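Worksheet: one structure, shown below.
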Amino acid sequence: MFAPPVQDLIDELAKLPGIGRKTAQRLAFHLLKIDAAAAKKLANSIVVMKDTVRFCPKCFNFSADNLCEYCSDPRRDDTIVCVVEEAPDIVSVEKTGEFRGRYHVLGGAISPIDGIGPDDLHLQELLGRISTDGVREVIVATNPNVEGEATAMYLARLLVPVGVKVTRIASGLPVGGDLEYADEVTLGRALQGRRELGV
Amino acid sequence: MEVSRVELTNFRNYETAAVGMEPGFNLIVGSNGQGKTSLLEAVYCLSALGSHRAPTAGSMIRHGEERAFVRAKATGAGSGLDVDAEIVRGGGIKVWVNKQRIGKGARDRSLAAILFSPEDLDLIKGGPEQRRRFLDHAAARARPVTTTDRQEFDKALRQRNGVLKAARTNPRALKQLEVWTEQLASTGAAVVTNRLRALGQLLPEVKRRYVDLASAEPPELNYHASWADEQPEPDERAVAETLRQRMAETQARDLEAASTLAGPHRDDLVIELSGSAARLFASQGEQRSLALSLRLAERDVAARVFGEEPILLLDDVFSELDQNRRDRLGELVSTSGQTIATATSAESLPVKGGRTLMVEGGRLSEVG
C-alpha cells in the first residue's frame, strides 16, 4: 500500500482501458516526479474535455460545437453516409481521403450477451436522416467480426426496404505488403472473397 | 519428420534431462508415475503448443518452479529444426523454431506430432463433443481458416442464445433474432462443411487402418447432423439454407428452451461396427482399435498436408491390445516414420531394434 493520495491515483488510473495495476503504478510514479505545472495541465485538459466536448446531435461523433466538423462541412456529400461503430473509427476512414460523404456513429454493435440490442444503438436517428437528408447510399463500416456482421445485416434489413442502397466494406489483404507475410486466416478469407478480372 | 534430441528443464517431474532419439522406433520404459507420459507430452507440446492432458500450460511446470523449458532438435522436410519452448506459470507456452517465434496458425513451420493416449478411448466412448473436436482439429491442420470459422460459430451461437434468453423478459429482443439466426446459419455452414471435408479425407484411412489392425470388417463413419435427416453434402450454400430453414421451424421450441436446440454444436460423428454403434456395443478391444485407427488416419492425412509423416507418439498402447493387434501395430511402427512409445516393460514387445530408454523418477538412461 502507498500513501493514500498515491494509492487513489493508482486506483483511478487502473480503471482505464488497457491499463493494468503495474502500468497504473508506473504512470502514478511518473506523475509524482513531473513538475506541478505539467500535472495541472494534464488534469485541466481532462476537465476541459469533459466540460466542452459533446456528441454531435446528428451523427454522434464527438464535437466541441453543436454540429461536428463533418456534419457542418458544406462541401461534403449528403447523399452518402458511412456508418461506424465508434467515433474514433471516423478518423480511420477519414485518413484514407477516399470518402467525402457524411458519417453516422452507432455507438457500438449489437451484442445480446453484453445486453446491447438495436434499441441501444443510434439507429432511429440514422433512419430519420435518410428522408431529411436524401441519403441514397449507406456504407456499413462496422468491424469485421460476428457482431459487426450481424449489425451490418440488421442495418440492411432496416434500410433496403426504404429504398437505400446498402454496401459493406470489403475485407482482405494489406496493400503493398508481401503475400509471404500475410497471416493464414486473412489470406484464406481473401481467397474466398476473390473477384473476377475482366480483360 | 524426426526428432533427434530432446532436452527438458523443470518439466513435470524432470529437473533436467536430455535424451537422443532414433529415426525409427523409440521405447520409453518405466513403472507408473516415473515420467514416461511427460516425455511424450514434452514432444507433443512443441507441435500442439499446449498439453494433451492439462487445461493450462502451467501444469507442465515442475512443482515449485516458475518456468519450464523444452528444446528439441528435429529434421523436417530435409532441413534442421531447432525448436525451443518456454512455459511460464500463468503465462502459457511460447515456441520458437530456428529462433523464430511461431503461432498456432503457422502449421508448416512447427514440429508435427500425433499422439495416441489411453484417454483417446473417449473418442469412441465419450460424448459427441470429443468427436466434433477431432474433426475440427483435423480440418484446422489442413486449412488454418477453419479455426476462425469455429470461433465465429461459437460466438454467433452464444449471441443467439443470448437473444433467446433475453426474449423471456424483454420481447423487444426478438427484433434481432433473425440476424443472429442468419449469422449462425452462415458460420455454422462453414463449420459443417469443414468437418465433412475432413471426414471425406479421413474415412478411407480410418477403414484401412482398422482392417489392418483388427483383421475385421471396416467401420462405418457417418456425420449425424442434428438439423437434417441425412448426412449433408459438403456444400456450404446448401448447408446454410438447410440450417436456416430448420431454425425457422424450431424457433418456437428454441424460445421455450432459451437455447438453440439443433445445429452444428449438437452434431455427432457416428461410428459403427457391423451396423451397431461402436460407442455402445463394441468391446473394449474394438473401441481401442477404433480410437487408434482414428489417430493413425489423422497422421495419414497430416502426412499428405505436410509432405512427410508426423512423429507418432504412442502412450501405453501395447499393453492394452491383444497379441495379434500388438503384432500388427508393431509392424506398422517399424515401417513408417518415427515412433516414440511408452510401456511399463520392454518384454513381449513386437518391435525389433530401435532405442530403449529407461525412466525412473524423472531420470533417463539408455538400456543396452
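Going down the list, the protein sequences come from chains A and B. Numbered continuously in my numbering, the first sequence closes out at residue 199. Numbered continuously in my numbering, the second sequence closes out at residue 1368. Ideal Cβ placement from N, Cα and C applies to all residues, glycine included. Remember, predicted model here, so these are calculated numbers, not experimental data.
Residue 1264 of chain B at chain A interface by Cβ criterion, 8 Å: Within the second sequence, residue 1264 of chain B is the residue found at index 264, counting from 1. No, residue 1264 of chain B lies away from the interface with chain A (no Cβ there is under 8 Å from its Cβ).
Verify whether the separation of the beta carbon atoms of residue 102 of chain A and residue 78 of chain A is less than 8 Å. Along the first sequence, read from residue 1 onward, the residue named residue 102 of chain A stands at position 102. Along the first sequence, read from residue 1 onward, the residue named residue 78 of chain A stands at position 78. Yes, Cβ-Cβ distance for residue 102 of chain A and residue 78 of chain A is below 8 Å.
Look up residue 35 of chain A in the DSSP assignment and say whether it is helix, strand or coil. As a first step, residue 35 of chain A is located in the first sequence; it is residue number 35 there, counting from the start. DSSP places residue 35 of chain A in the coil class of the three-state scheme, outside both helix and strand.
Mind checking residue 122 of chain A: buried by the 16 CB within 10 Å criterion, or exposed? For the purposes of this step, residue 122 of chain A is identified with residue 122 of the first sequence, where counting begins at 1. Classification of residue 122 of chain A: buried, given that the 10 Å Cβ count is 16 or more.
Relative to the C-alpha of residue 74 of chain A, which residue among A/133, A/90, A/85 is closest? For the purposes of this step, residue 74 of chain A is taken as residue 74 along the first sequence, with counting starting at 1. The candidate whose alpha carbon is nearest that of residue 74 of chain A is A/133.
Thinking just about the alpha-carbon of each residue, which of B/1241, B/1024, B/1254, B/1270 is nearest to the one in residue 1182 of chain B? One-based indexing of the second sequence puts residue 1182 of chain B at position 182. Comparing C-alpha distances from residue 1182 of chain B to each of B/1241, B/1024, B/1254, B/1270 shows the shortest one belongs to B/1241.
Comparing the C-beta of residue 120 of chain A with each C-beta of chain E, is any distance below 8 Å? Annotation note: the requested chain E is absent from the structure, which comprises protein chains A and B.
Looking at the C-beta of residue 154 of chain A, does it have a partner C-beta in chain B at a distance below 8 Å? As a first step, residue 154 of chain A is located in the first sequence; it is residue number 154 there, counting from the start. Yes, contact with chain B.
For residue 1129 of chain B and residue 1266 of chain B, I'd like the C-alpha separation in whole angstroms. The residue you call residue 1129 of chain B lines up with position 129 of the second sequence. The residue you call residue 1266 of chain B lines up with position 266 of the second sequence. In this structure, the CA atom of residue 1129 of chain B is about 8 Å from the CA atom of residue 1266 of chain B.
CA nearest to the CA of residue 153 of chain A, picked from B/1179, B/1356, B/1166: Position 153 of the first sequence holds residue 153 of chain A. Ranking the options by Cα distance to residue 153 of chain A, first place goes to B/1179.
Using only CA atoms, which one of B/1079, B/1273, B/1189, B/1044 lies nearest to residue 1287 of chain B? Taking the second sequence and counting its residues from 1, one reaches residue 1287 of chain B at position 287. Of B/1079, B/1273, B/1189, B/1044, the residue nearest in Cα terms is B/1273.
Residues bridged to residue 93 of chain A (per DSSP): Position 93 of the first sequence, counted from the first residue, corresponds to residue 93 of chain A. Paired residues: none, contrary to the question.
In chain order, what residues of the same chain have a beta carbon less than 8 Å from the beta carbon of residue 116 of chain A, not counting five sequence neighbours either side? One-based indexing of the first sequence puts residue 116 of chain A at position 116. If we look at residue 116 of chain A and ignore the five residues flanking it on each side, its Cβ neighbours are 108, 109, 110.
Anyone know if the C-beta pair for residue 1036 of chain B and residue 1359 of chain B falls short of 8 Å? For the purposes of this step, residue 1036 of chain B is taken as the residue at position 36 of the second sequence. For the purposes of this step, residue 1359 of chain B is taken as the residue at position 359 of the second sequence. Judged by beta-carbon spacing, residue 1359 of chain B lies within the 8 Å limit of residue 1036 of chain B, meaning their Cβ atoms are closer than that value.
Closest residue to residue 1262 of chain B among B/1311, B/1247, B/1256, B/1294 (Cα-Cα distance): Position 262 of the second sequence, counted from the start, is the residue given in the question as residue 1262 of chain B. Closest by C-alpha distance to residue 1262 of chain B, out of B/1311, B/1247, B/1256, B/1294, is B/1247.
Does DSSP put residue 1276 of chain B in a helix, a strand or coil? For the purposes of this step, residue 1276 of chain B is taken as the residue at position 276 of the second sequence. In the structure shown, the three-state DSSP call for residue 1276 of chain B is strand.
Whole angstroms is fine: what's the gap from residue 1350 of chain B's alpha carbon to residue 1137 of chain B's? On the second sequence, position 350 is the one that residue 1350 of chain B refers to. On the second sequence, position 137 is the one that residue 1137 of chain B refers to. The alpha-carbon separation between residue 1350 of chain B and residue 1137 of chain B amounts to approximately 31 Å.
Three-way DSSP call (helix, strand, coil) for residue 1080 of chain B in this model: Along the second sequence, read from residue 1 onward, the residue named residue 1080 of chain B stands at position 80. The answer is strand: DSSP assigns residue 1080 of chain B an E or B state.
Going along chain B in order, which residues have a C-beta closer than 8 Å to the C-beta of residue 146 of chain A? Position 146 of the first sequence, counting from 1, holds the residue named residue 146 of chain A. Under the 8 Å cutoff, chain B gives 1152, 1155, 1156, 1159, 1183, 1187.
What distance in whole Å lies between the Cβ atoms of residue 1277 of chain B and residue 1316 of chain B, which are believed to be in contact at a cut-off of 8 Å? Counting from 1 along the second sequence, the entry for residue 1316 of chain B is found at position 316. Counting from 1 along the second sequence, the entry for residue 1277 of chain B is found at position 277. Incorrect: roughly 26 Å between the Cβ atoms, too far for contact.
Could you list the residues in the segment 158 to 187 of chain A with a C-beta less than 8 Å from some C-beta on chain B, going in chain order? Residues 183, 184, 185.
Ends of the beta strand (DSSP E) at residue 1339 of chain B? As a working mapping, residue 1339 of chain B is identified with position 339 in the second sequence. Where residue 1339 of chain B is concerned, the enclosing beta strand (DSSP E) stretches over 1339 to 1343.
Taking any Cβ of chain A, which residues in the segment 1305 to 1337 of chain B have a Cβ under 8 Å from it, in chain order? Under the 8 Å Cβ criterion, the segment 1305 to 1337 of chain B contributes no residue.
Given that residue 1143 of chain B touches chain A, what residues does it touch there, using C-beta distances under 9 Å? For the purposes of this step, residue 1143 of chain B is identified with residue 143 of the second sequence, where counting begins at 1. The answer, in chain order, is 184, 188.
Starting from residue 1124 of chain B, follow its DSSP beta bridges and name the residues at the other end. By one-based count along the second sequence, residue 1124 of chain B stands at place 124. None, per the DSSP bridge assignment.
Let me confirm a value: residue 1150 of chain B is counted as buried when at least 16 other C-beta atoms fall within 10 Å, else exposed. Which label applies? One-based indexing of the second sequence puts residue 1150 of chain B at position 150. So residue 1150 of chain B ends up on the buried side.
Could you pull out every residue in the same chain whose Cβ sits closer than 8 Å to the Cβ of residue 189 of chain A, ignoring the five residues on either side in sequence? Translated into the one-based positions of the first sequence, residue 189 of chain A becomes position 189. So the qualifying residues of the chain are 171, 172.
Look up residue 1137 of chain B in the DSSP assignment and say whether it is helix, strand or coil. What you label residue 1137 of chain B is simply residue 137 of the second sequence in a count that begins at 1. DSSP places residue 1137 of chain B in helix when its eight states are reduced to three.
Tell me which same chain residues have a C-beta within less than 6 Å of the C-beta of residue 1188 of chain B, skipping the five on either side of it? Walking along the second sequence from the start, residue 1188 of chain B turns up at place 188. For residue 1188 of chain B, same chain residues with a beta-carbon under 6 Å away, outside a window of 5 residues either side, are 1153, 1243, 1263, 1264 in chain order.
Cross-chain neighbours of residue 150 of chain A in chain B, by beta carbon under 9 Å: Taking the first residue of the first sequence as position 1, residue 150 of chain A is located at position 150. Ordered by position in chain B, the residues that pass the 9 Å Cβ test against residue 150 of chain A are 1156, 1159, 1176, 1179, 1180, 1182, 1183.
Counting pairs of Cβ atoms below 8 Å between the segment 1290 to 1297 of chain B and the segment 1111 to 1129 of chain B, do you hit three or more? A contact exists between the segment 1290 to 1297 of chain B and the segment 1111 to 1129 of chain B.
So residue 1008 of chain B packs on residue 1047 of chain B, CB below 8 Å; how close in whole Å? Reading the second sequence from its first residue, position 8 is the one you call residue 1008 of chain B. Reading the second sequence from its first residue, position 47 is the one you call residue 1047 of chain B. Taking a contact as a CB-CB distance under 8 Å, the pair residue 1008 of chain B and residue 1047 of chain B does not count as one, their CB atoms being some 16 Å apart.
With residue 1336 of chain B and residue 1309 of chain B assumed to form a contact (beta carbons below 8 Å), what rounded beta-carbon distance in angstroms separates them? Counting from 1 along the second sequence, the entry for residue 1336 of chain B is found at position 336. Counting from 1 along the second sequence, the entry for residue 1309 of chain B is found at position 309. Sure, about 6 Å apart at Cβ, within 8 Å.
Near residue 1031 of chain B, what residues of its chain come up, given a Cβ to Cβ distance below 7 Å and the 5 sequence neighbours on each side ignored? Working through the second sequence from its first residue, we reach residue 1031 of chain B at position 31. Excluding sequence positions up to five before and after residue 1031 of chain B, its CB lies within less than 7 Å of the CB of 1344, all in the same chain and listed in chain order.
Determine the DSSP secondary structure at residue 1161 of chain B, reduced to helix, strand or coil. Taking the second sequence and counting its residues from 1, the one referred to as residue 1161 of chain B is at position 161. Correct three-state label for residue 1161 of chain B: helix.
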